[in-house]
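For the record, the sequence lines run as chains A and B.
Residue numbering for the first sequence follows my numbering, starting at 4 and increasing by one per position.
Residue numbering for the second sequence follows my numbering, starting at 52 and increasing by one per position.
For each residue, glycine too, the CB sits at the ideal point set by N, CA and C.
Below is one structure; the comments refer to it alone.
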Amino acid sequence: MSEFLLELFSEEIPARMQARGAEDLARLVGEALAPLNIAAIDPIYGPRRIALVAQIDKSVPAASIPERGPRLTAPDAALNGFLRKQGATREELRAEGDFWVLEKTSPAQPAATLIAERLPALLRRFPWPKSMRWGGSSSFTWVRPLKRILCLLDGEIVPFDLNFGGDDGHGLRSSNLTEGHRMMSPGAFTVNSAADWREKLLTHHVVLDAAERRRLIAQGLEKAAAQQPNLAIVPDSGLLDEVTGLVEWPVALLGRIDDDFMDLPPEVMQVSMRVNQRYFATRDNFGAPAPYFAFVANVEALDGGRAIVGGNERVLRARFSDARHFWDLDRARSLESRLPALDRVTFHIKLGTQGERAGRLSRLAHHLAVGLGADAGLAARAALLCKADLSTGMVGEFPELQGIMGSYYAAHDGEAPEVVKAIREHYSPKGPSDAVPSAPASVVTALADKLDTLAGFFAIGEKPTGAGDPFALRRAALGIIRIIRDNKLRLHLREQIGFALSARLEYVPEILEFLLDRLRIQLRAEGARHDVLAAIGEDDDLTRLLARTEAVADFLTTEDGANLHAAYKRAANILRIEEKKDGAITGEIARDLLVLPEEQALMAILDGLAGVSKLLEAEQFRTAMTEMAHLRVPLDGFFDKVTVNAPEAPIRSNRLRLLALVRSTIDQVADFSRIEG
Amino acid sequence: MGNAPSFQEMILRLHGFWARQGCVILQPYDVEMGAGTFHPATTLHALGEKPWRAAYVQPSRRPTDGRYGENPNRLQHYYQYQVIMKPSPATAQDLLLQSYREIGLDPALHDFRFVEDDWESPTLGAWGLGWEVWCDGMEVGQFTYFQQVGGIPVILPSFEMTYGLERLAMYVQEVENVFDLDFNGNGVTYGDIFLRAEREYSAHNFEFSNPEMLARHFTDAEAECGSLLANKLALPAYDQCIKASHLFNLLDARGVISVTERAAYIGRVRALAKACCEAWLAGELACAI
Numbered sequence: 004m005s006e007f008l009l010e011l012f013s014e015e016i017p018a019r020m021q022a023r024g025a026e027d028l029a030r031l032v033g034e035a036l037a038p039l040n041i042a043a044i045d046p047i048y049g050p051r052r053i054a055l056v057a058q059i060d061k062s063v064p065a066a067s068i069p070e071r072g073p074r075l076t077a078p079d080a081a082l083n084g085f086l087r088k089q090g091a092t093r094e095e096l097r098a099e100g101d102f103w104v105l106e107k108t109s110p111a112q113p114a115a116t117l118i119a120e121r122l123p124a125l126l127r128r129f130p131w132p133k134s135m136r137w138g139g140s141s142s143f144t145w146v147r148p149l150k151r152i153l154c155l156l157d158g159e160i161v162p163f164d165l166n167f168g169g170d171d172g173h174g175l176r177s178s179n180l181t182e183g184h185r186m187m188s189p190g191a192f193t194v195n196s197a198a199d200w201r202e203k204l205l206t207h208h209v210v211l212d213a214a215e216r217r218r219l220i221a222q223g224l225e226k227a228a229a230q231q232p233n234l235a236i237v238p239d240s241g242l243l244d245e246v247t248g249l250v251e252w253p254v255a256l257l258g259r260i261d262d263d264f265m266d267l268p269p270e271v272m273q274v275s276m277r278v279n280q281r282y283f284a285t286r287d288n289f290g291a292p293a294p295y296f297a298f299v300a301n302v303e304a305l306d307g308g309r310a311i312v313g314g315n316e317r318v319l320r321a322r323f324s325d326a327r328h329f330w331d332l333d334r335a336r337s338l339e340s341r342l343p344a345l346d347r348v349t350f351h352i353k354l355g356t357q358g359e360r361a362g363r364l365s366r367l368a369h370h371l372a373v374g375l376g377a378d379a380g381l382a383a384r385a386a387l388l389c390k391a392d393l394s395t396g397m398v399g400e401f402p403e404l405q406g407i408m409g410s411y412y413a414a415h416d417g418e419a420p421e422v423v424k425a426i427r428e429h430y431s432p433k434g435p436s437d438a439v440p441s442a443p444a445s446v447v448t449a450l451a452d453k454l455d456t457l458a459g460f461f462a463i464g465e466k467p468t469g470a471g472d473p474f475a476l477r478r479a480a481l482g483i484i485r486i487i488r489d490n491k492l493r494l495h496l497r498e499q500i501g502f503a504l505s506a507r508l509e510y511v512p513e514i515l516e517f518l519l520d521r522l523r524i525q526l527r528a529e530g531a532r533h534d535v536l537a538a539i540g541e542d543d544d545l546t547r548l549l550a551r552t553e554a555v556a557d558f559l560t561t562e563d564g565a566n567l568h569a570a571y572k573r574a575a576n577i578l579r580i581e582e583k584k585d586g587a588i589t590g591e592i593a594r595d596l597l598v599l600p601e602e603q604a605l606m607a608i609l610d611g612l613a614g615v616s617k618l619l620e621a622e623q624f625r626t627a628m629t630e631m632a633h634l635r636v637p638l639d640g641f642f643d644k645v646t647v648n649a650p651e652a653p654i655r656s657n658r659l660r661l662l663a664l665v666r667s668t669i670d671q672v673a674d675f676s677r678i679e680g
Numbered sequence: 052m053g054n055a056p057s058f059q060e061m062i063l064r065l066h067g068f069w070a071r072q073g074c075v076i077l078q079p080y081d082v083e084m085g086a087g088t089f090h091p092a093t094t095l096h097a098l099g100e101k102p103w104r105a106a107y108v109q110p111s112r113r114p115t116d117g118r119y120g121e122n123p124n125r126l127q128h129y130y131q132y133q134v135i136m137k138p139s140p141a142t143a144q145d146l147l148l149q150s151y152r153e154i155g156l157d158p159a160l161h162d163f164r165f166v167e168d169d170w171e172s173p174t175l176g177a178w179g180l181g182w183e184v185w186c187d188g189m190e191v192g193q194f195t196y197f198q199q200v201g202g203i204p205v206i207l208p209s210f211e212m213t214y215g216l217e218r219l220a221m222y223v224q225e226v227e228n229v230f231d232l233d234f235n236g237n238g239v240t241y242g243d244i245f246l247r248a249e250r251e252y253s254a255h256n257f258e259f260s261n262p263e264m265l266a267r268h269f270t271d272a273e274a275e276c277g278s279l280l281a282n283k284l285a286l287p288a289y290d291q292c293i294k295a296s297h298l299f300n301l302l303d304a305r306g307v308i309s310v311t312e313r314a315a316y317i318g319r320v321r322a323l324a325k326a327c328c329e330a331w332l333a334g335e336l337a338c339a340i
């Protein structure tokens, strides 16, 4: 085996594209060098390079492939044509069956030849998400200008270049050169093996391995925080990943935040630090925001980082004084006074302005609150104000703070605490890991926001497709479901969707079905049986639907449940066959025709089960199932001793009526015919 | 940074540095514009096959950024230092870092970073790939390799560098308020020269401009651009395009443009820019023949 090293050294690659780039390189080189049995491919990436190290065979072995020629009976002209084409003589041919066959041998191909042959085309077609042109001489593109190609086979340069037709490929050709840290170790140096490459890069201030960089950064941040008592970094793994792609030589440093800024909302500080600056927030022992921030420089400065810390502190000061400007300016006006401004903000071209939406949300929240027994005044107020922060300077600057800023400003205006909280929580849950609101006004406002979204977009024909869900309607539906489930809300969705749609009631069934579909998908993912879900059918009260589903599913796992299901199936089968002959079975059961004790026993139990419908109405699903289980023994007895198809026609019909009653009694709980097994 | 250059000294040093790189040192363009990229030396010269190197200061007007001189970091009128080199030299990044050294930012003491930032100007129909250049967490420049201008893919990709001069000077001089910047090293501050202008123009931009007149002028500029293009006068036509763009910014600051209108206005300016670029390119090709 030989060691293969390929490094593509470029100007800075966007952090989010590095890992994918290295994986694509590994995959494509793996395919291109498959004839060399390439193995142990190690993809490597960093801010200025993607690379790989792998093991490959020294050569593609010589091979011999039989090439079939003309038939033995073919005219000489055909045979001569074949020989000319193959550059072979008649003596090299052998007869095999009815045909001439030429044993073509391809000579062994050294690894370097194959690499040099295949890599230029691979690099020309490299699948960067966005590639660019540069310079004046070539149309070869890369994610950012490509500067060097390091390509070594057992330490020897594999020579190739990127010339293509008249295009000079930026004059790029493979070499044994690479570069280290731009500032700390400028200039190119030679490399003679993968180990040498790693070692020299480290002495040239590049930590090559991304996982190692990430570890060093996390460790460095901890250490930086430890410079101050009771200080910890607020964990942020997404930011850690991004920073890993921004530095070759991580140096974690700690900066101070002026006390004057510590009264800014912590969310404002954190967004400003994270989004704009890639800084890590800190907190004290009690979890409260601390007046420090940590960050990762890419250089060990001559002064130990003093100027760098000072500079970053000044940058943050400027950011925070900007934030303070918005914070002060926004609070100079009440949220309520901003409502007219929402009339100038378009929500969607076909769905009007945010102002109109605020009105809709408020009415819908009022209606929902009445239905749920929440304080309708508070809910309507929260829903009216919940979008007002869209016209504030702070949300204009940091859209991700919508809702959060609204709640701060509402509190400043002296709105009720419930309203304040509802404004903050009305976008929740934003995803599967986000918390679900539980305070009544918050629940109602959050539901109103999502129901209005679903109703609006369905009514203008913008429902999600397999291809996309640009208005995040699936997320809205899942939000509604989670809010209802977690709070066990009793809500008739059909009616609420209708209210949200106002005049366009024809969309109610479609929206309800969309919600129920999401719920079924969710329940199946949680392990629910699809046949049980089918048996339960449609119910616009999700909490009731869930209770029934659970009761039925649990019942089926008991022995009583399994046996009753088996007996039900037997009854249903008989009924199906007989109904085919006789048509639907109707009519009252004639008690005087129930002659056998087993028939009478079954009847007695069925009489006793007349109360099941009341239990179901009272949503006593588990009790109803327990009651239902009483059917099992007499039903087994019935099938043991009683011949349904009695010779006397009236007795036969009566027995069928009895079984039909069994079926309809059980079907009150769920359509047991849909249950499998 | 005790010997930090004054604002004007910084410009002089940048002029010196980029002149040594073979750039033509131009003076600001005499039409109001939102960014140095609008200068014909960049927008138009980025097209075509003629190599081109230029550097200049361009006063940039962003009416919505006005804060009546009360915000230490925001101005509705500021200066951009703009460099364009076509085709992009292989040493572009190194040149850039050297230019920072010239104005007192030593890479041995500071943390320079190239952070992904794809540049796009919807009004110019232009885009490119590059970075924000960071120094100690501060954005001190925008570095772009142009890929398309006026909706036309470039033949020779240019390197474009834009420095926000005030922000950079504040950083170099360690000043927290833009109006405290040392302008000439001899007692004159930035505020002495521009504070009153910031107040008056903010009032103009937000309160006292005449939206009906602005809208009319926009339409006029658009029509004029069209008729000049009909006569193959690419450069005068392009002036009208820049004017239309600035008038749109003024209307925007006045808060009289709705979201939907906004997109339509941008589309109209882009159409002008595209037509001007095409006319310019046609002229260049005619010259070449």
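Let's see if you can read the secondary structure: which residues bound the beta strand (DSSP E) around residue i?
i        : result
B:Ala105 : 103 to 112
A:Thr181 : 180 to 182
A:Leu96  : 96 to 99
A:Glu70  : 66 to 74
Going by DSSP, what residue range makes up the alpha helix (DSSP H) through residue i?
i        : result
A:Ser410 : 407 to 415
B:Tyr222 : 216 to 224
A:Pro46  : From DSSP, A:Pro46 is part of no alpha helix (DSSP H) but of the beta strand (DSSP E) over 42 to 49.
A:Val665 : 652 to 670
A:Asn499 : The sequence shown places Gln at residue 499 of chain A, rather than the Asn named in the question. Counting along the chain, the alpha helix (DSSP H) containing A:Gln499 begins and ends at 496 to 504.
Closest to residue i by C-alpha separation, out of the options, would be which residue?
i        : options                                : result
A:Val278 : B:Ala314, B:Asn256, B:Asp231, B:Gly188 : B:Gly188
B:Gly277 : B:Ala330, B:Tyr130, B:Gln109           : B:Ala330
A:Ala291 : A:Met265, A:His369, A:Leu605           : A:Met265
A:Pro268 : A:Ile407, A:Ala449, A:Arg74            : A:Ile407
A:Arg52  : A:Ile41, A:Leu8, A:Ala575, A:Leu75     : A:Leu8
A:Pro402 : A:Ala229, A:Ala197, A:Asp392           : A:Asp392
A:Leu149 : A:Trp131, A:Leu155, A:Ile160           : A:Trp131
A:Arg497 : A:Leu545, A:Asp489, A:Cys389, A:Ala462 : A:Leu545
B:Leu265 : B:Leu279, B:Gly236, B:Phe299, B:Asn237 : B:Phe299
A:Ser62  : A:Pro50, A:Gly469, A:Ala119, A:Gly49   : A:Ala119
A:Leu242 : A:Leu86, A:Leu508, A:Tyr282, A:Pro46   : A:Tyr282
A:Thr247 : A:Glu95, A:Pro50, A:Ala65              : A:Pro50
Return the chain-ordered list of same chain residues with a C-beta closer than 7 Å to the C-beta of residue i, the five sequence neighbours on each side being excluded.
i        : result
A:Leu457 : Leu476, Ala479, Ala480, Ile514
A:Leu661 : Ile592, Glu602, Leu605, Met606
B:Arg10  : In the structure displayed, chain B extends from 52 to 340; residue 10 of chain B sits before or after that span and is not available.
Output needed for residue i: all residues of its chain with C-beta closer than 6 Å, excluding positions within five of it in sequence on either side, in chain order.
i        : result
B:Arg118 : Arg125
A:Ala35  : Arg121, Leu125
With three or more beta-carbon pairs closer than 8 Å as the criterion, would you say the segment 270 to 279 of chain A touches the segment 335 to 347 of chain A? With the cut-off at 8 Å, the segment 270 to 279 of chain A and the segment 335 to 347 of chain A do not touch.
3 or more residues per run - each beta strand (DSSP E) lying fully within the segment 269 to 312 of chain A: Correct list: 283 to 286, 292 to 300.
Counting only runs of 3+ residues fully inside the segment 316 to 401 of chain A, write out the beta strand (DSSP E) ranges in chain order. Within the segment 316 to 401 of chain A, the complete beta strand (DSSP E) runs of at least 3 residues are 349 to 351.
Check whether the segment 365 to 373 of chain A touches the segment 161 to 177 of chain B, taking contact to mean three or more Cβ pairs, one atom from each stretch, closer than 8 Å. Short answer: they don't touch.
Does the segment 153 to 170 of chain A come close enough to the segment 168 to 176 of chain B that 3 or more CB-CB pairs lie under 8 Å? No: the two stretches stay apart, fewer than three of their Cβ pairs being nearer than 8 Å.
Pair every Cβ in the segment 264 to 278 of chain B with every Cβ in the segment 220 to 235 of chain B, then say whether three or more of these pairs are closer than 8 Å. Taking 8 Å as the limit for Cβ pairs, the verdict is that the segment 220 to 235 of chain B does not touch the segment 264 to 278 of chain B.
Do the segment 373 to 380 of chain A and the segment 299 to 313 of chain A make contact, defined as three or more Cβ pairs closer than 8 Å? Counting Cβ pairs under 8 Å, fewer than three are found: no touch.
Is the segment 171 to 187 of chain A in contact with the segment 137 to 153 of chain A, if contact means three or more CB pairs nearer than 8 Å? Yes, since at least three Cβ pairs between the segment 171 to 187 of chain A and the segment 137 to 153 of chain A fall closer than 8 Å, the two stretches touch.
Is the number of C-beta pairs between the segment 251 to 262 of chain A and the segment 208 to 228 of chain A that are closer than 8 Å three or more? Two segments are said to touch when three or more pairs of C-beta atoms, one from each, lie closer than 8 Å; by this definition the segment 251 to 262 of chain A touches the segment 208 to 228 of chain A.
Could I get the ranges of all uninterrupted beta strand (DSSP E) runs contained in the segment 558 to 616 of chain A, with 3 residues as the minimum, in chain order? Fully enclosed beta strand (DSSP E) runs of 3 or longer: not present.
Beta strand (DSSP E) runs wholly inside the segment 96 to 144 of chain A, at least 3 long, in chain order: 96 to 99, 102 to 109, all fully within the segment 96 to 144 of chain A.
Flag this pair as touching only if the segment 171 to 190 of chain B and the segment 82 to 92 of chain B have three or more C-beta atom pairs under 8 Å; answer yes or no. Taking 8 Å as the limit for Cβ pairs, the verdict is that the segment 82 to 92 of chain B does touch the segment 171 to 190 of chain B.
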